[in-house]
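Here the protein sequences come in this chain order: V and H.
So the first sequence is residues 1 to 156, counted in the UniProt record's numbering.
So the second sequence is residues 1 to 129, counted in the UniProt record's numbering.
This report concerns only the one structure given below.
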Amino acid sequence: MATKLSTDEELTAGVPSSGASQPELQHVRTLSRYAMHITNDCLVVTLPTDLDSEVTRELSALLNLVDRHRHRGLVIDLSLMDILPSKLASLLEQLSRASSLLNAPTVICGIKPGLASALALLGIRFDGVRKARNMDHALAELTQLRSANVAVRSGY
Amino acid sequence: MVEFVVTDGRDVKNVVEGAQAMLREVPFGRAERFLVATAVSELARNLVVHAGGGVVRLSVLEEQDRRGFEVVTEDEGPGIADWPLALTEGYSTANSLGLGLPGVQRIMDELDFDENRLVGTRIVARKWV
């Protein structure tokens with residue numbers, strides 16, 4: 001039964017296509033402030049320091065990218081962030097849970113000691129979210145997770 | 001004293017940047033400056049999310065024997081009916097109603113508010129070196 005799709009993003013979600021569609025171009029524009037690269041099938045995103053209220057949209061665009069390109073993992077790099085508003089922290093928590101549901105586990109990395117103490121004081125724990133000291137560790141963890149998955153699937 | 005009118009996320013960003021610039025005049029450590037900026041960010045964001053905007057005043061405090069930083073937020077929103085609840089752990093960032101006030105209270109040395117205020121909310125937070 002067809003249901004009503006409310007946004008362009010939903011229309012293109014999960015539709016593989018080689019040409020860039022209008023909504024995808026929109027995603028690219030939305031996300032153009034983010035430093036992103038893909039390595040080992042994982043999407044690596046370094047968050048810019050000047051995030052504002054538009055961020056909810058941008059994070060859902062990220063989720064669409066993960067889905068569209070079938071990324072096997074998502075790394076969110078916070079190494080540029082000196083402060084992280086609690087609202088944004090809880091959005092990141094949501095994003096990583098959502099991404100895990102797409103079978104693209106998320107690892108948050110690059111939290112500086114100063115940011116760590118601020119997050120602790122704000123009561124933000126990133127429970128249920130994988131954390132790594134740096135990007136190397138994050139990618140290593142995702143690789144390890146993937147081989148563990150393969151092992152489970154093949155019955156070892 | 002610097003005053004900011006805050007209505008959206010962009011204004012919050014300006015306030016935080018302003019706070020960071022002013023904090024350089026106070027002999028806080030680097031980590032402490034970021035903590036105070038975090039508290040400013042939480043308080044300013046509350047104005048946008050919960051009160052439809054408001055005013056933030058930032059001041060460097062200089063007394064005879066101590067220096068510090070003050071942030072005052074004022075709004076004409078619905079006000080906070082239950083202060084003890086708003087300052088309770090768990091009623092914070094986990095849910096979307098979170099005001100982040102317990103965190104602000106932990107970061108700053110003083111957090112004052114007028115519990116009997118009839119209209120809006122006024123919060124004064126201070127951190128001393």
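All C-beta atoms in this analysis are idealised placements derived from N, C-alpha and C, irrespective of residue type, glycine included.
Remember, predicted model here, so these are calculated numbers, not experimental data.
| Item | Value |
| --- | --- |
| Could you check which residue in H:A19, H:D114, H:G54 and H:E62 has the C-alpha nearest to that of D75 (chain H)? | H:G54 |
| Report the partner residues of D136 (chain V) according to the DSSP bridge assignment. | None; D136 (chain V) has no bridge partner. |
| What do you get for L97 (chain H), buried or exposed, if any count of 16 or more other CB atoms within 10 angstroms of its CB means buried? | For L97 (chain H), the predicted structure reports a pLDDT of 44, less than 50, and the residue's modelled location is therefore unreliable. A value from the coordinates is still provided. L97 (chain H) comes out exposed. |
| Alpha carbon to alpha carbon, what distance is there between E115 (chain H) and T30 (chain V)? | 42 Å |
| Look at the alpha carbon of L145 (chain V) and the alpha carbon of R125 (chain V), and state the distance between them as a whole number of angstroms. | 22 Å |
| Any contact between the segment 135 to 143 of chain V and the segment 23 to 31 of chain H? By contact I mean 3 or more CB pairs, one from each, below 8 Å. | no |
| Of the choices V:Q94, V:D41, V:L102 and V:L80, whose alpha-carbon is the least far from that of G114 (chain V)? | V:L80 |
| Does F34 (chain H) come out as helix, strand or coil in the three-state DSSP assignment? | helix |
| Any heavy atom of the ligand FMN closer than 7 Å to the beta-carbon of R72 (chain V)? | Inclusion of the ligand FMN in the displayed structure is not the case, the ligand content being empty and no account of it being possible. |
| Spatial neighbours of V49 (chain H) within its chain, please: C-beta separation below 7 Å, excluding the five flanking residues on both sides. | none |
| Which class does E115 (chain H) belong to by DSSP, given the choice of helix, strand or coil? | coil |
| So, under 8 Å CB-CB, A19 (chain H) and L58 (chain H) are touching, yes? Tell me the CB distance rounded to an integer number of Å. | 6 Å |
| Touching or not, the segment 60 to 75 of chain V and the segment 38 to 50 of chain V, by the rule of three or more beta carbon pairs under 8 Å? | yes |
| Assuming residue 180 (chain V) and S86 (chain V) form a contact by the criterion Cβ under 8 Å, report the distance between their Cβ atoms to the nearest whole angstrom. | Here chain V comprises residues numbered 1 to 156, so residue 180 (chain V) is not present and cannot be evaluated. |
| Counting only Cβ-Cβ distances shorter than 8 Å, please list the residues of the segment 29 to 41 of chain H near chain V, keeping chain order. | R30, A31, F34, L35, A37, T38 and S41 |
| In three-state DSSP terms, what is residue 153 (chain H)? | The shown model of chain H, from 1 to 129, leaves out residue 153 (chain H), and the question about it has no answer. |
| Any beta carbon from chain H within less than 8 Å of L95 (chain V)'s own beta carbon? | no |
| Can you tell me whether DSSP reads R146 (chain V) as helix, strand or coil? | helix |
| What does I107 (chain H) reach in chain V if we use C-beta pairs closer than 9 Å? | A118, L121 and L122 |
| Could you check where the beta strand (DSSP E) with T39 (chain V) kicks off and where it finishes? | A35 to T39 |
| Reducing DSSP to helix, strand and coil, say where G100 (chain H) ends up. | coil |
| Should S96 (chain V) be labelled buried (16 or more other beta-carbon atoms within 10 Å of its own) or exposed? | buried |
| Rounded to whole angstroms, what's the CA-CA distance from R130 (chain V) to Q105 (chain H)? Just pull it up for me. | 28 Å |
| Does any CB atom of chain V fall closer than 8 Å to the CB of G68 (chain H)? | no |
| Considering Cα atoms alone, identify which of H:N14, H:R10, H:L35 and H:G9 is closest to residue 130 (chain H). | Only positions 1 to 129 of chain H appear in this structure, which leaves residue 130 (chain H) out of reach. |
| Is there at least one Cβ from chain V nearer than 8 Å to R24 (chain H)'s Cβ? | no |
| On a Cα-Cα basis, can you pick out the residue from H:P78, H:I80 and H:L101 that is closest to L87 (chain H)? | H:L101 |
| Would a check of beta-carbon distances place V129 (chain H) closer than 8 Å to chain V? | no |
| Can you tell me whether M1 (chain V) is buried or exposed, with buried defined as 16 or more other CB within 10 angstroms of its CB? | With a pLDDT of only 44 at M1 (chain V), under the threshold of 50, the placement of this residue in the model should not be trusted, and no figure is reported. |
| At 7 Å on the CB atoms, spell out the chain V contacts of G77 (chain H), in chain order. | Correct list: empty, because the minimum Cβ distance to chain V is about 17 Å. |
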